[in-house]
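Okay, structure first, notes after.
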Amino acid sequence: MLPDLPLSISILFILTTAIAVWLFYRATNYNRSVLAVLAAWAALQMVVAFTGFYRRTNTIPPRLALLIGPPLLFIIGLFVTKRGRQFIDSLRLDQLTVLHFIRINVEIILFMLFISKAIPEVMTFEGRNFDILAGLTAPLVYYLAFVRRQLSQRALLFWNLLCLGLLTNIVVTALLSAPTPFQRLAFDQPNIAIQYFPFVWLPSVVVPIVLFSHLTAIRRLSTAQ
Numbered sequence: 442m443l444p445d446l447p448l449s450i451s452i453l454f455i456l457t458t459a460i461a462v463w464l465f466y467r468a469t470n471y472n473r474s475v476l477a478v479l480a481a482w483a484a485l486q487m488v489v490a491f492t493g494f495y496r497r498t499n500t501i502p503p504r505l506a507l508l509i510g511p512p513l514l515f516i517i518g519l520f521v522t523k524r525g526r527q528f529i530d531s532l533r534l535d536q537l538t539v540l541h542f543i544r545i546n547v548e549i550i551l552f553m554l555f556i557s558k559a560i561p562e563v564m565t566f567e568g569r570n571f572d573i574l575a576g577l578t579a580p581l582v583y584y585l586a587f588v589r590r591q592l593s594q595r596a597l598l599f600w601n602l603l604c605l606g607l608l609t610n611i612v613v614t615a616l617l618s619a620p621t622p623f624q625r626l627a628f629d630q631p632n633i634a635i636q637y638f639p640f641v642w643l644p645s646v647v648v649p650i651v652l653f654s655h656l657t658a659i660r661r662l663s664t665a666q
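Under the numbering used here, the first residue of the sequence shown is numbered 442, with each subsequent residue one higher.
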């Protein structure tokens, strides 16, 4: 774990990751195979992080690529295969929508990490990160779209596209702030948190779940137009 970091921040992030996994599990209609895969992947990343593997930052390609690369390839595989698309089309859009409220927790944790000098200010809502807007609006969008049914599919599609843009912005900022040969931002205080457990789960578990939720919703809503 990060030295000199309050234990409460790590515990809060572990709980946030667990909530994200649980909500995604609900969206899959309680598919135990999905839960097993997510748990195994998270456990693997925890073990690798504890070995200090990600703290070596001068390699090409960067070792941090192993956090988000495999989930991205897996997501692509789901979208390009018939069986993968069948799985995508079986997911619950209401649960995939409400899931995004966890981004409020994530943004609060990022700000706490900035205060603890583990990430740069540019990665917080005081910098270039506006992703908290997705978290704040998610419960309202869920309520209007799935409870009151007053929000059109087109509006829900637009919200997903907008929030996907917010996610892309912070992911790119985080990658360019990480201490790798490709770093372009925040040289005075790089993004070192993702080199340590439990924050390796941000790019390897939480971000892929959020990304996949948006892509699934966009596919489903686009084909329904």
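Each residue gets a CB set at the ideal place from its N, CA and C atoms; glycine is no exception.
Option nearest I659 by Cα separation, candidates C604, L476, V648: Per the Cα distances, C604.
Nonlocal neighbours in the same chain, by C-beta distance under 7 Å from L537, ignoring five residues either side: Within the same chain, L537 has close Cβ partners A468, S654, T657, A658.
Contiguous beta strand (DSSP E) assignments of at least 3 residues, all confined to the stretch 451-485: Counting whole runs of 3 or more residues, the stretch 451-485 contains no beta strand (DSSP E) stretch at all.
Pairwise C-alpha distance: P631 and A619: Their backbone Cα atoms lie some 6 Å apart in a straight line.
Contained alpha helix (DSSP H) runs [length at least 4] in the stretch 501-544, N- to C-terminal order: Within the stretch 501-544, the complete alpha helix (DSSP H) segments at least 4 residues long are 506-521, 523-530, 534-539, listed from N- to C-terminus.
Residues of its chain near I460, where Cβ-Cβ distance is below 7 Å and the 5 sequence neighbours each way are ignored: So the list reads I543, once near-sequence residues are dropped.
Local Cβ density within 10 Å of Q591, reported as buried at 16 or more and exposed below that: Flag for Q591 reads exposed.
With 16 other Cβ atoms within 10 Å as the buried cut-off, status of Y471: Y471 comes out exposed.
W600 versus G518, M442, I650, T578, residue with shortest Cα-Cα distance: If we check each option's Cα against that of W600, T578 comes out closest.
Segment contact, 8 Å Cβ cut-off, at least three pairs: the stretch 642-653 with the stretch 447-462: They touch, by the three-pair rule.
Within 8 Å, strictly: CB atoms of V646 and A477: No.
Coil, strand or helix - F638 by DSSP: Of the three classes helix, strand and coil, the one that applies to F638 here is coil, per DSSP.
L532 and G525 closer than 8 Å at C-beta: With a cutoff of 8 Å on beta-carbon distance, L532 and G525 are scored as not near each other.
Own chain, CB closer than 6 Å to I509, minus 5 neighbours either side, in chain order: Close CB contacts of I509 within its chain, under the 6 Å cut and outside five residues either way in sequence, are with P644 (chain order).
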